[in-house]
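Enquirer:
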Amino acid sequence: MDAKREGLSLGRVALVVYASLLVFTIVLMVLSIPAGLYTVYSTNISNTSLSSASTINNLGLFVGIYTVSVPVATSFGSLFTVLTAVYAALLAFAGFQHRNALSAIRSALAQGSSELFDNSLLASIIALGALTLGIGLLEIIQASAGIKTGSISGDPLLLFLSITLAPLREELGFRVALVGFLALVLGFRHSAKTALNALWRPSAILTGEPGDLPNKVGLSIMVGISSILFGAAHYFSGAGWDVGKVSEATAAGVVLGYLYVRYGFHSAVLLHWGVNYFGSAFAFFGQGAWGIPWDSNFGNPLSVLVEVDLFILIGVTSFFLVGYKILKRLARAIGAIESDGGGGLNPQGPGAQVQGDQPRRGRELRRGRLRPHGERRQDTELPRAPERRL
Numbered sequence: 207m208d209a210k211r212e213g214l215s216l217g218r219v220a221l222v223v224y225a226s227l228l229v230f231t232i233v234l235m236v237l238s239i240p241a242g243l244y245t246v247y248s249t250n251i252s253n254t255s256l257s258s259a260s261t262i263n264n265l266g267l268f269v270g271i272y273t274v275s276v277p278v279a280t281s282f283g284s285l286f287t288v289l290t291a292v293y294a295a296l297l298a299f300a301g302f303q304h305r306n307a308l309s310a311i312r313s314a315l316a317q318g319s320s321e322l323f324d325n326s327l328l329a330s331i332i333a334l335g336a337l338t339l340g341i342g343l344l345e346i347i348q349a350s351a352g353i354k355t356g357s358i359s360g361d362p363l364l365l366f367l368s369i370t371l372a373p374l375r376e377e378l379g380f381r382v383a384l385v386g387f388l389a390l391v392l393g394f395r396h397s398a399k400t401a402l403n404a405l406w407r408p409s410a411i412l413t414g415e416p417g418d419l420p421n422k423v424g425l426s427i428m429v430g431i432s433s434i435l436f437g438a439a440h441y442f443s444g445a446g447w448d449v450g451k452v453s454e455a456t457a458a459g460v461v462l463g464y465l466y467v468r469y470g471f472h473s474a475v476l477l478h479w480g481v482n483y484f485g486s487a488f489a490f491f492g493q494g495a496w497g498i499p500w501d502s503n504f505g506n507p508l509s510v511l512v513e514v515d516l517f518i519l520i521g522v523t524s525f526f527l528v529g530y531k532i533l534k535r536l537a538r539a540i541g542a543i544e545s546d547g548g549g550g551l552n553p554q555g556p557g558a559q560v561q562g563d564q565p566r567r568g569r570e571l572r573r574g575r576l577r578p579h580g581e582r583r584q585d586t587e588l589p590r591a592p593e594r595r596l
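Sequential numbering from 207 applies to the sequence shown in this note's numbering.
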């Protein structure tokens, strides 16, 4: 009993530490917004004559692998300000949507880490940490095999603007235009309102009924297709990425697609924004404010802090938390399939069958209660807690 209490106590301490790291990451994300604005408007990070007043005549938007040029008449600074306002609004929306982030953290401390996934901002940050570490490990493995990832280069101000624009542009072009369009079409089978909701959050078309299977399969296939195209687009973009970037971007596309389907467009954008902007804002700030090159590995203390947070603090813990949740869900699904298929253990003897008792016995096995047929409880079974559905 003492050992069990000690284990629970250690688990609670670990959860408190992890929740504190999530809050710390949110604070850093919020601080990165004024840091970016200061960099663009109050410093000169450009290697050329570019500045916040430089004009932009057109924007390239994606529709899958195709690029559509949209004529605009604005400046670098104006575009950056609009983008920053959009991301700040999405950050606030995610933090307070449904169950707010602090409420989810309090529930997690009392009931377990699964409660953290009830808030889309926390889910996006957890995914950000796991994805950052996962891609880092993948890059190390590929480098050891001689597969190059490449890197982007160019004028720092133009790079910063492109990195900031990419989350909105690419999520609209790869997730909404492909996965969202399919969800929109399928949603019209229910109603126009459902279809529009599905464009924002494709899981709106999933009702939890057995008839959902074709929709789930269709969305899963489209997430896979959009992820492959997303990976290929990075390689063929001419931005400097090598073939190793294909696998990294494809893996990221799967995670982005899941967040889009499960939580909504804002969640996928925030994860993408976290990888692109949050991972770079303090680096460009360091170049503008202190003259430290943005691509310096250890010269900028703020960049080092973000890297340590994403790779080690949030990265390691989120990587194992997500892995544990996936394995637990797979084990539960396999157990349910075996039980529903009548392949469960029979206490009356190896291979023996008791007609008409398989469904009840399956539920009892999943709850850890194994009773012979003659000793079944006569009272009403408590209903199982509903599973989260994608």
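Here a beta-carbon is modelled for each residue, glycine too, at the ideal position from N, C-alpha and C. Because the structure is a prediction, the values reported are computed rather than measured.
With I598 as the anchor, note down where its beta strand (DSSP E) starts and where it stops.
Expert: Nothing about residue 598 can be read from this structure; the chain reaches only from 207 to 596.
Enquirer: With distances taken from CA atoms, which of Y224, V229, F282, P277 is nearest V246?
Expert: F282
Enquirer: With DSSP run on the structure shown, which of helix, strand or coil describes G529?
Expert: helix
Enquirer: With a Cβ-Cβ cutoff of 8 Å, do M428 and L465 count as a contact?
Expert: Going by C-beta atoms, M428 is not nearer than 8 Å to L465.
Enquirer: Between I332, V288, A398, which lies nearest to V528 when the distance is taken from Cα to Cα?
Expert: I332
Enquirer: Using a Cβ distance threshold of 8 Å, determine whether the region 403 to 422 contacts the region 433 to 444, with at least three qualifying pairs required.
Expert: no
Enquirer: With distances taken between CB atoms, is the gap from V276 to L289 smaller than 8 Å?
Expert: no
Enquirer: If A329 sits next to Y469, beta carbons under 8 Å apart, how far is it from one beta carbon to the other, in whole angstroms?
Expert: 6 Å
Enquirer: Using the three-state DSSP reduction, which class does G276 fall into: helix, strand or coil?
Expert: Checking the sequence shown, residue 276 turns out to be Val, not Gly. In the three-state scheme derived from DSSP, where H, G and I count as helix and E and B as strand, V276 is classed as strand.
Enquirer: Taking Cβ to Cβ, would you say V481 is nearer than 8 Å to L334?
Expert: Their beta carbons are under 8 Å apart, which means V481 touches L334 by this criterion.
Enquirer: Output the residue ranges of the alpha helix (DSSP H) runs that lie fully inside the region 367 to 434 and measure 4 residues or longer, sorted by chain position.
Expert: Listed in chain order, the complete alpha helix (DSSP H) runs (minimum 4 residues) inside the region 367 to 434 are 387 to 393, 398 to 406.
Enquirer: With the cut-off set at 8 Å, would you say I508 and G494 are in Cβ contact?
Expert: Per the sequence presented here, residue 508 reads as Leu, with Ile not at that position. No.
Enquirer: State the CB to CB distance for the pair K354 and D418, rounded to an integer number of angstroms; the pair is presumed to be in contact (CB under 8 Å).
Expert: About 42 Å separates the two Cβ atoms, so there is no contact after all.
Enquirer: How many angstroms separate the CA atom of I311 from the CA atom of L322?
Expert: 6 Å
Enquirer: CB F490 to CB F302, shorter than 8 Å?
Expert: No; because the gap between Cβ atoms is not below 8 Å, this pair is not in contact.
Enquirer: Starting from T338, trace the alpha helix (DSSP H) both ways and give me its first and last residue.
Expert: DSSP places T338 inside the alpha helix (DSSP H), whose first and last residues are 326 to 350.
Enquirer: If I follow the unbroken alpha helix (DSSP H) through W500, where does it start and stop?
Expert: Neither: W500 is in no alpha helix (DSSP H) and is coded neither H nor E.
Enquirer: Which whole-angstrom value describes the C-beta separation of E454 and I341, a residue pair presumed to lie in contact below a C-beta threshold of 8 Å?
Expert: 5 Å
Enquirer: Is the region 336 to 351 touching the region 231 to 240 in the sense that three or more CB pairs, one from each, lie closer than 8 Å?
Expert: no
Enquirer: Indicate the three-state DSSP secondary structure (helix, strand or coil) for S258 in the structure shown.
Expert: coil
Enquirer: May I have the straight-line CA-CA distance separating G505 from N403, to the nearest angstrom?
Expert: 46 Å
Enquirer: Tell me which residues share the same chain as E377 and place their Cβ nearer than 8 Å to its Cβ, disregarding the 5 neighbours each side in the sequence.
Expert: Excluding residues within five positions, the ones whose Cβ falls inside 8 Å are L462, Y466, F471, A474, V475, H478.
Enquirer: Answer with buried or exposed for G318, where buried requires no fewer than 16 other C-beta atoms within 10 angstroms of its C-beta.
Expert: The Cβ neighbour count for G318, taken over all protein chains shown within 10 Å, is under 16; the residue is labelled exposed.
Enquirer: What residue range does the alpha helix (DSSP H) around F323 cover?
Expert: Looking at the DSSP string, F323 is not in any alpha helix (DSSP H), and its letter there is neither H nor E.
Enquirer: May I ask which residues mark the beginning and end of the alpha helix (DSSP H) holding V460?
Expert: 450 to 468
Enquirer: To the nearest angstrom, report how far apart A220 and T370 are at their CA atoms.
Expert: 34 Å
Enquirer: What is the residue span of the alpha helix (DSSP H) that T290 lies within?
Expert: 282 to 302
Enquirer: Quick one: is S545 buried, meaning 16 or more other Cβ sit within 10 Å of its Cβ, or exposed?
Expert: buried
Enquirer: Just mark F440 as buried or exposed, buried being the case when its beta carbon has 16 or more other beta carbons within 10 Å.
Expert: Checking the sequence shown, residue 440 turns out to be His, not Phe. Its Cβ being crowded by 16 or more others within 10 Å, H440 is buried.
Enquirer: Tell me whether G356 sits in a helix, a strand or coil according to DSSP, three-state version.
Expert: strand
Enquirer: Here's the rule I'm using: 16 or more other beta-carbon atoms within 10 Å means buried, otherwise exposed. How should P499 be labelled?
Expert: exposed
Enquirer: My understanding is that L390 touches A372, with C-beta atoms under 8 Å, so please give their C-beta distance in whole angstroms.
Expert: Between A372 and L390 the Cβ distance is about 24 Å, and since that is not below 8 Å, they are no contact.
Enquirer: Less than 8 Å between the CB atoms is what I'm expecting for L344 and A457, so what's the real figure, rounded?
Expert: Going by Cβ atoms, the distance from L344 to A457 rounds to 7 Å, so yes, they are a contact pair.
Enquirer: Under 6 Å Cβ to Cβ from A259, same chain only, skipping five residues before and after it: list those, please.
Expert: S281
Enquirer: May I ask you to report which of helix, strand or coil DSSP gives L221?
Expert: Reduced to three states, the DSSP call for L221 is helix.
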